[in-house]
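For reference, the structure is listed below as structure tokens.
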Ligand code: AMP
């Protein structure tokens, strides 16, 4: 059975960690637009140069660039039978773009899984991650901006998927293994094996 999934949740909810674990369990690739941007910045590619300042400020990369990147990535063979998107779609327009990309292959999103966490927990986690990973967008001001961008542009996506009956919400608080198990259990309900 195919699994075309999107993972939603605020910055610091643990999406990246859970995306990798969940994707491995489901046998699909975890695709993180943030990771792809960071890799391009590290490698000094043209795309990297285009998005460097934007990502460092916590703003969103323009939809045209992001949608094209996702279109190309989803066209690769490993995503043919399913995928788990982490960090995309990030606004309602990107939801539409993803629909179009998938419709071209006669497919659609099977479920949107949202990791819910208390906002204060998110700020604490991001501040700790800043010390460990040294990400350019984990400074206090940028963290605040990223959370504002999330609230204004990304949070409304949940309603779009909820209206389609595709939204699954999972408590993101607690032990990493426990949260992974919760995600797998929740997905079993939407997509019976
Ligand atoms: P993330 O690792 O998902 O937190 O993404 C890091 C940064 O990459 C974000 O703050 C944005 O600047 C950019 N980014 C990642 N995904 C997207 C997206 N779907 N649309 C626009 N910008 C994105």
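Residue numbers (the numbering used here): 400 to 592.
Note that beta-carbon positions come from the ideal geometry of N, C-alpha and C, so glycine has one too.
Nothing here was measured: the structure is a model prediction, and the numbers come from that model.
Three-state secondary structure assigned by DSSP to residue i
i	result
residue 536	coil
residue 415	helix
residue 476	helix
residue 425	helix
residue 447	helix
residue 503	coil
residue 433	helix
Check whether residue i and residue j have beta carbons under 9 angstroms apart
i	j	result
residue 430	residue 469	yes
residue 427	residue 455	no
residue 515	residue 529	no
residue 459	residue 406	no
residue 473	residue 586	no
residue 563	residue 437	no
residue 486	residue 541	no
residue 583	residue 508	no
residue 546	residue 522	yes
Rounded Cβ spacing between residue i and residue j (contact assumed at less than 8 angstroms)
i	j	result
residue 488	residue 497	5 angstroms
residue 409	residue 549	5 angstroms
DSSP beta-bridge partners of residue i
i	result
residue 570	515
residue 407	513
residue 485	406 and 431
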